[in-house]
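Reading through the structure tokens given below for one structure.
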Amino acid sequence: MTHGTATLFAGEKILVGLDSFKEIVDRGSTIIDKTLLISEFIECKGIVSLVVRPRRFGKTINLTMLREFFSIPIHPDNKDYRYELFKDTKIMERSDVYNKYFCKYPVIFLSLKGYESCSTWSSMRARLCQQLATLYNDHHYVYYQVSQKILNKSRFDRINSGKFKDGVTEDALLYLSKYLKDYHRNKCIVLIDEYDHPLEVAYQHQYYEEACGFFASLFGALLKGNDENLEKALLVGVSRVAKSGYLSGLNNLQVFPMHHEVFANYFGFTEDEIFILLQHNGKEDQLDGVRQWYNGYRAGNGLNLYNPWSIISFINEGTLKAHWIDTGGTKTIKDLLWNSTEDFKNNTSMLLKGCAINVRIMEDMDYNVLAQKSNIDNVLWTLLYYAGYLTKDKNDNLCIPNMEVSTEWQEWLTNCNSFELDSMLSLLLQCRLSEFKEQFSRFIMNSLSYYDVTDKMAETNYHVFIIGLFNQAYCRGYKLISNREAGTGRFDLKIEPTEKVNFKTGVFMEFKVLKNEKQNKKKLQDKANEALEQIKNKRYFSDLPKFTKQCVICGVAFQGKDVYIASEVLNSWQN
């Protein structure tokens, strides 16, 4: 099946969770043809390329596809099987590429996934040594030729058995490339998956310097000054930490983030690919909802991209909801998020209102700078962008890409499970105000730990927190608006219904903060009533849509973690 630039190979079903190109084809799963990535990789001028994309964007599948195309079969009849994997794909129309590259190169494939449990440097090194031993065993067919030289035989035996010395470990991939090149009489293609994952784990467990130094030596030996044995290399990962210590010595490295044109089409699904997938699965009538929930990643060539995991999960489950946010670790981001400045929190507030912000994204990042508080905002924006929680708009400003990702922001800002948030919002929209006040007060007491509510930024922090709390309203089809002129003043927060929502309730909130005073319940109540009267007197609600059934107004007063709400339901408010 084809649509526009997209080609789909239809299977009986589309499988979730497979990250091997060979397995997907063998199991008869529906698959989008991304094989022209092969020719783009070949034609890319750089010897060593790094592609940076968010998690679940098809990186591993693409790397395994490259492996199946390039690697020389150990058994001659395996070439026919490989041909069947690529039969009728776009790359097979490129006879120049097929004749020169198909099954013609030794491939070193290394995946650095699965290091989460490595709480010490010794455990990480032990895991890597085992991987290297397995890699050598996979290429054991070169052993006879290697063993003709005593030194090579001794080194091969030690690595293959997993018994390493430090120097041997760091040279292991370099020597494997030599052995493969000598055996096949052709240079190697190197494919490394999740190149940055061990560094994040090492940072979290405080052995970053040891890990960074080791991997810099390991990959530096393989990828720098190894022209005799290296044809091309492709590394993929999430974070852009390549040139800040990790791969800083690689002068031949080219980095391709999402906003770069090279490789833009091949990681993530394009609009044409989404349409043909939905059409094949009888869900083309859901296209508008799919766009709202999962679209929004802007590539360097102007394409809008979708997260493949989210789309495949939606097709299988049939439900428009957040599928992607629970699929990977965000510990580093969560740990750092609220050690940020007032500017960061103000920008976060803008993002949650659907606005774009103009902030600096770092070209490269070293995990060591995370400890430098003076630079924390730039680091956070960089991490959030490359991890897929932000994207660039047509003006190169940053924004939240879609509704799915917005739910993750809401989760971070509230530190609460979505059921409690949804329940609290429902109480408010149904005008069950006594229950809402009780739940809201309890929530503030238990969950306001992300913010310092006693310093000069308290008012800003409360405001950002509440916007994050009620961001669920946006996900349910309401408009969430903050700090906007209305009536004869400027309200703090409005939840405005649209015609498609169940409860056509408008909500206005005005916030007041008591500072530098002793705990005083009467003063807190007075402040809340003052805020309520302000809403009435300034008639913020005068521009609500005519189909609005009722209007809830709330004056909210804070002092530390104490809160008091004065509220009222208006059934008539328009002149």
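In UniProt numbering, the protein residues as written are 1 to 575.
Heads up, the beta-carbon is just placed ideally off N, CA and C, and yes, glycines get one too.
Test item: CB-CB of residue i and residue j under 8 Å
i	j	result
Gln559	Leu532	no
Val241	Met365	yes
Gly302	Gly58	no
Ser567	Cys554	yes
Thr64	Ser20	yes
Leu230	Ile42	no
Ala528	Tyr474	no
Ile535	Phe508	yes
Lys521	Thr548	no
Asn186	Lys104	yes
Leu50	Thr30	no
Leu383	Ser239	yes
Residue i, buried or exposed, once every other Cβ within 10 Å from all chains shown has been counted against 16
i	result
Gly17	exposed
Gln550	buried
residue 646	Any question about residue 646 goes unanswered here, given that the chain covers just 1 to 575.
residue 604	There is no way to answer for residue 604, as the model of the chain reaches only from 1 to 575.
His463	buried
Met124	buried
Thr348	buried
Lys518	exposed
Glu411	buried
Val569	exposed
Asn78	exposed
Tyr83	exposed
Glu404	buried
Thr332	buried
Arg56	buried
Asn295	buried
Asn461	buried
Asn226	buried
Ser482	buried
Simplified DSSP assignment, three categories, for residue i
i	result
Leu390	coil
Cys355	coil
Phe41	helix
Ala528	helix
Arg484	strand
Gly17	coil
Ala233	strand
Phe493	Here residue 493 is Leu; the residue named in the question, Phe, does not match the sequence. Correct three-state label for Leu493: strand.
Ala566	strand
Ile376	helix
His3	strand
Met403	helix
Val513	strand
Lys34	coil
Gly555	strand
Leu112	coil
Ile189	strand
Tyr451	No answer about Tyr451 holds up, because its pLDDT of 46 lies below 50 and its placement is not dependable.
Thr89	coil
Arg298	strand
Leu50	strand
Leu428	helix
Val238	coil
Lys561	coil
Phe470	coil
Gly225	coil
Tyr519	Checking the sequence, you will find Gln at residue 519 rather than Tyr. Coil.
Gln206	coil
Asn446	helix
Ser29	strand
Val97	helix
Gly289	helix
For residue j and residue i, believed in contact at Cβ under 8 Å, the rounded distance
i	j	result
Tyr386	Pro257	7 Å
Asn471	Trp293	Not really, about 15 Å apart at Cβ, beyond 8 Å.
Tyr478	Glu496	6 Å
Leu235	Tyr195	4 Å
Val556	Phe511	5 Å
Gly300	Glu261	4 Å
Leu174	Leu222	5 Å
Leu191	Leu352	Not a contact, Cβ separation roughly 39 Å.
Test: residue i CB closer than 8 Å to a CB of chain C
i	result
Arg432	In summary, chain C is missing from the structure at hand, where a single protein chain is found.
Distance cut-off 7 Å: residue i Cβ against heavy atoms of the ligand HEM
i	result
Leu85	Ligands in the displayed structure: none, and consequently the ligand HEM is not present.
Does the pairing of the region 152-161 with the region 199-212 give three or more beta-carbon distances under 8 Å?
By the criterion of at least three beta-carbon pairs nearer than 8 Å, the region 152-161 is not in contact with the region 199-212.
Three or more C-beta pairs under 8 Å: does that hold for the region 388-402 against the region 272-287?
no
Could you say if the region 314-323 and the region 423-442 meet the contact criterion of at least three C-beta pairs nearer than 8 Å?
No, because fewer than three Cβ pairs between the region 314-323 and the region 423-442 fall closer than 8 Å, the two stretches do not touch.
Mind the definition here: the region 309-316 touches the region 9-16 only if three or more C-beta pairs lie below 8 Å; say whether that holds.
yes
Flag this pair as touching only if the region 127-140 and the region 63-72 have three or more C-beta atom pairs under 8 Å; answer yes or no.
no
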